[in-house]
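In the numbering used here, the protein residues as written are 59 to 460.
Ideal placement from N, C-alpha and C gives every residue a C-beta, glycine not left out.
Please read the structure below before turning to the comments.
Here you go:
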């Protein structure tokens, strides 16, 4: 976008204002995504342009009212207007339709230095289908198209992808957030200082198959924690009690272990686990070897030996990629493994390593532990970052580059 002249132009900007709201008051509980877009919006205004912002908020089509209509009161973008104005330091207008006569009139009347937020993009079904006519109408509101919504870049929607085809190459571009996300991912994928260690957690192997397989092509060390680790432990003949396991993925787990050996990648599974006799913070708990968990007990966090081994590997790394927690960190008694990873990544970063944290739960973990400012980069896009790291071309990126 720094190659574009915004003077007296209207910029149609796809932002990601899909922020969490309080269920009763609809107050914003985490404004990270809005803050991330502010530099792009301010730049447009400072260059003499105006900004028409569009975003989705939640999944209104999945939570309809009893009569089948959209719950506008819950999902309206109006919830973001006052806070956006406060962060920008300028008044922000709001239009209660995404496209239509009023949206067209308000966009046409917009003056340099002004900001307009359109209604939730997902209030119209054509958005999710990448509808061409919807995108064409949307494109008529602006002179320039800027995509700064990395969190939605993996969706081929009307406002993230289709709309770009109605703007010439010199009148479309990425915002600063999108550039930062792509640059930081590229640093890990294509230009890492070694050793490169990836830490992958979460519940299921099936959610991360492509990621794990792709990572084995470029990492030096792969640490696997969380519920998915027990599928690997069982695949290698271990006893995992009532721990989470995908029995239909055992063969795949062994294939990934074999690929790691063939590629010379050090694959680390938790040597020991903190197990519980129920899925509860107050359950009885003890530390045992991960491959001898008794029936009736389940692994809910990695153990002390695993923490020590994982930390040592992390502190010996020059590039770190973290996606997913080591255990049920929402339970205080089973958060130590994830906390240890967060602290180790922060310490390695302080020692000069580059660290990228991507994926909803690991981002939530570093924020919860107050360590977000102590890692190199925290991604705003869970699904988008995951697909980028899997080697996929994001539709929202491709639309601008083409």
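Under the three-state DSSP convention, the category residue i falls into
i, result
"residue 83", "coil"
"residue 232", "strand"
"residue 413", "strand"
"residue 210", "helix"
"residue 357", "strand"
"residue 108", "strand"
"residue 337", "coil"
"residue 180", "helix"
"residue 77", "coil"
"residue 325", "strand"
"residue 199", "coil"
"residue 471", "Absent from the structure is residue 471, since the part of the chain shown begins at 59 and ends at 460."
"residue 420", "helix"
"residue 186", "helix"
"residue 224", "helix"
"residue 64", "coil"
"residue 462", "Any question about residue 462 goes unanswered here, given that the chain covers just 59 to 460."
"residue 342", "coil"
"residue 461", "The first residue shown for the chain is 59 and the last is 460, placing residue 461 beyond what the model contains."
"residue 170", "coil"
"residue 218", "coil"
Residue i to residue j span [Cα, whole Å]
i, j, result
"residue 169", "residue 108", "6 Å"
"residue 123", "residue 133", "12 Å"
"residue 179", "residue 165", "16 Å"
"residue 220", "residue 328", "45 Å"
"residue 440", "residue 120", "20 Å"
"residue 375", "residue 437", "20 Å"
"residue 187", "residue 140", "30 Å"
"residue 63", "residue 111", "18 Å"
"residue 229", "residue 98", "15 Å"
"residue 217", "residue 433", "32 Å"
"residue 177", "residue 135", "5 Å"
"residue 362", "residue 138", "43 Å"
"residue 206", "residue 235", "6 Å"
"residue 274", "residue 192", "41 Å"
"residue 314", "residue 270", "8 Å"
"residue 91", "residue 267", "28 Å"
"residue 242", "residue 249", "10 Å"
"residue 114", "residue 76", "6 Å"
"residue 158", "residue 414", "41 Å"
"residue 28", "residue 405", "Nothing can be reported for residue 28, as the shown portion of the chain is limited to 59 through 460."
"residue 305", "residue 459", "42 Å"
"residue 384", "residue 260", "7 Å"
"residue 335", "residue 354", "6 Å"
For residue i: DSSP bridge partner residues
i, result
"residue 399", "BP columns for residue 399 are empty, so no partner."
"residue 139", "Per DSSP, none; premise fails for residue 139."
"residue 330", "347"
"residue 429", "For residue 429, which the question treats as bridged, DSSP gives no partner whatsoever."
"residue 297", "350"
"residue 152", "175"
"residue 435", "414"
"residue 205", "72, 232"
Where the beta strand (DSSP E) containing residue i begins and where it ends
i, result
"residue 377", "377-381"
"residue 69", "68-72"
N- and C-terminal bounds of the alpha helix (DSSP H) containing residue i
i, result
"residue 458", "453-459"
"residue 368", "362-373"
"residue 164", "159-167"
"residue 132", "130-133"
"residue 385", "Run containing residue 385: none; DSSP gives neither H nor E here."
Any C-beta of chain B under 8 Å from that of residue i
i, result
"residue 364", "Of the protein chains in the structure, only one exists, and it is not chain B."
Fully enclosed by the region 248-286, which alpha helix (DSSP H) runs are 4 residues long or longer?
-> 267-273
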